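Take a look at the structure set out below.
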Amino acid sequence: MSTHAEKQAAETPLSNPDFRERLRELPPSAKLVAKVLEDQAPMSQGELAEDSLLPDRTVRYALNRLAEAELVESRYSFRDARKQVYFLVE
1 MSTHAEKQAA
11 ETPLSNPDFR
21 ERLRELPPSA
31 KLVAKVLEDQ
41 APMSQGELAE
51 DSLLPDRTVR
61 YALNRLAEAE
71 LVESRYSFRD
81 ARKQVYFLVE
């Protein structure tokens, strides 16, 4: 029998059919960035580039495409207010 915490852990943006359908139309780099964010958000652009092994420019493009599709949002980092951190929209 699963617990409430296990059910909440299983309910991620990527498990939402509408989210998945909008993500399906995006390039592979955006899908990879979304997957990394699903596991480790919030993350900065540099952290995303490091974890995804994608170039900074590709990560920037992927984040822009995700933002246009309203699948990702950003805010200023609490650790370093000069940086933006990104997270998936629920």
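If you read the sequence shown in full-length UniProt numbering, its first letter stands for residue 1, the second for the next number, and so on.
From the three backbone atoms N, C-alpha and C, an ideal C-beta is built for every residue, glycine too.
All figures in this text were calculated on a predicted structure; none of them were measured in a lab.
**Report entry** 7 Å CB neighbourhood of Glu90 in its chain, flanking five on each side removed
**Finding:** Pro13
Report task. Between the Cα of Ala81 and those of Leu26, Val33, Pro28 and Ser44, spot the shortest distance and give me the residue it belongs to. Result -> Ser44
Report task. Going by DSSP, name the residue or residues bridged to Val85. Result -> Ser44 and Arg75
Requested in this report: Quick one: residues in its chain with C-beta nearer than 6 Å to the C-beta of Ser74, no 5 flanking neighbours on either side, listed in chain order?
Outcome: Gln84 and Tyr86
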